[in-house]
Structure formats: C-alpha cells, structure tokens
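A quick write-up on the structure given underneath.
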Amino acid sequence: MTLGERTWRLARAGDERTAPVEGEPAAALAGLGWPEEARRGALAVEFADAWLRYIVIEWPAGLKGGSEREAWAAERMRSVHGVGGPEWAISVDRGASGDTALACAAPRTLVDAVARLAAERRLRITAMQGSFVTVYNRLLPGSHVGGKGACGALGVCREGRLTLGLWAGGQWRRIRSANAGGDVGAMLGRMLPGLATTIGDAAGAGVLHVLGAAPQVLPEGWSVQVCEGAA
C-alpha cells in the first residue's frame with residue numbers, strides 16, 4: 000500500500016485500487032475498497048516523503064539504554080522540524096552503525112489509522128516506511144556501510160518532493176527533503192554541494208544515485224548513477 004501526498008494506492012496481484020486523500024485517514028483508507036479476500040495476509044506500507052520529517056541523528060557520548068536514545072531523538076526532531084509530542088510517531092533506524100542513525104517522524108493519526116486497518120483485517124504489517132527508505136532498501140541495501148572512506152548519496156523525487164540523503168565513512172551524515180518546485184535538476188544540483196560542505200573533509204568524491212531526477216551540476220569528482228526498477 001502506498002500513501003501518496005494526493006492519492007492512496009492499494010496494489011495486489013492483478014488488482015490495483017486508488018482513492019483520493021480526503022478527510023480523516025481512516026475514511027480515506029476505507030475508500031480504497033478493500034476486497035473481502037484481503038485478510039490475514041502481509042501488508043507493506045510506503046508513505047510519501049511529503050508526510051514525513053527526516054533527520055540524521057548524531058548520538059552524543061554517554062547515552063545509556065533505549066529510553067535515553069528515544070528522548071534524544073525526540074529532542075532533535077523538535078529542534079530541527081518543530082514536531083513531536085503525541086501528534087507524531089518517531090522511528091529510528093535500529094540497524095545503523097557508527098555514531099549516527101537515520102530517523103523520521105510521521106503524523107500519529109496516519110500511523111494509527113494504518114495500524115487499526117491492519118488489526119481489523121488481520122493483516123501483518125511487514126514494513127512501514129517512507130519513499131526514500133523504500134527506494135534505498137530496494138536498490139541500494141548496505142551501500143553506505145562500505146569502507147571507511149566510502150561516500151555516496153541517494154536522491155529520490157516523487158510527486159514533486161525531493162529527498163536527498165548523504166553518507167560517508169560508513170555512516171549516514173545528512174538528509175534533506177523539500178518540495179522540488181518546477182526545476183528538480185537545478186534544486187538537486189544545489190542541494191548536494193550544500194549538504195556535502197557541511198561534513199567537511201568527509202565528503203570526498205562519490206556516486207549520486209538518483210530516481211526521478213538528474214542534477215544539472217555535481218561537486219568535483221562525483222558521478223551519477225540512475226536507479227531503475229523502483230517505480
């Protein structure tokens with residue numbers, strides 16, 4: 000199931016249904032017209048990045064246990080995006096290595112509506128993640144966990160939303176997501192150098208993987224790899 004910014008889509012073998020995003024999330028989900036046989040199966044959920052707020056968390060030394068990390072992630076999300084509290088659900092990549100982790104926040108009403116739908120239809124949620132993470136996991140799993148000097152980035156543009164994540168030295172370093180406007184290539188060409196300069200010497204030459212966009216310019220030493228197969 001894909002929860003786009005303007006349209007929600009349910010795709011099963013030989014069957015695809017769509018509904019406009021209107022009113023409460025629960026009503027929009029019901030508007031997909033779920034077939035009676037769609038019960039007791041698996042459900043993978045992809046959120047459009049426009050619904051989400053992304054950050055790369057840098058863990059300070061001395062944090063003890065999951066509760067302290069959760070509190071730090073919540074504080075960073077409030078500081079960077081001004082969101083938090085019960086209205087937002089925050090998720091942190093638990094498989095991240097090193098001193099950083101990718102995190103995102105989603106509207107609680109949306110997450111709860113999906114969870115209730117799955118419970119009512121006895122569906123097992125196998126994934127609930129944003130478009131950027133979905134594309135990364137599908138096409139580039141493990142790419143940022145390379146050698147110490149490995150540097151790269153992924154840019155994903157869908158529904159006019161551009162998300163760019165940068166990794167270096169085996170760790171996520173920066174991520175930014177914004178409305179792309181009319182010239183995606185120009186925005187991507189500005190965004191990558193801007194992010195790269197914030198991590199100093201760690202941003203060596205690398206490969207920019209792109210889906211739905213192509214930069215007009217690149218930092219010196221960088222190359223472009225167009226992603227395919229993640230429609």
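Counting in numbering that gives the first Met the number 0, the sequence shown tops out at residue 230, every number present.
All residues carry an ideal CB built from backbone N, CA and C; glycine is no exception.
Look at the region 26-58 and you find these whole runs of beta strand (DSSP E), each 3 residues long or longer: 41-46, 52-57. Secondary-structure assignment with DSSP links Thr-99 through a beta bridge to Glu-57. Checking the DSSP bridge columns, you'll see Gly-154 partnered with Leu-163, Val-209.
Nearest in C-alpha terms to Asp-111, of all of Gly-188, Pro-24, Leu-139, Leu-122, is Pro-24. Between Leu-153 and His-208, the C-beta gap is smaller than 8 Å, which places the two residues in contact. Secondary-structure assignment with DSSP links Ala-126 through a beta bridge to Ala-43. According to DSSP, residue pairing for Leu-2 in a beta bridge involves Trp-7, Phe-46. Ala-88 and Ser-66 have their C-alpha atoms some 15 Å from each other.
In the structure shown, the three-state DSSP call for Thr-197 is coil.
Each of Ala-29, Met-190, Gly-97 was checked against the Cα of Gly-169, and the nearest Cα belongs to Gly-97. Between Glu-4 and Arg-160, the CB-CB gap stays under 8 Å.
Spatial neighbours of Ser-90 in its own chain (CB-CB distance under 7 Å, excluding positions within 5 residues in sequence) are listed in chain order as Ala-102, Cys-103.
The criterion of a C-beta distance shorter than 8 Å is not satisfied by Ala-213 and Ser-130.
As DSSP reads the structure, Pro-140 sits in no beta bridge.
For the pair of segments examined, the region 7-20 was found not to touch the region 60-79: the number of CB pairs separated by less than 8 Å stays below three.
The C-beta distance from Ala-105 to Trp-50 rounds to 6 Å, short enough to meet the 8 Å contact threshold.
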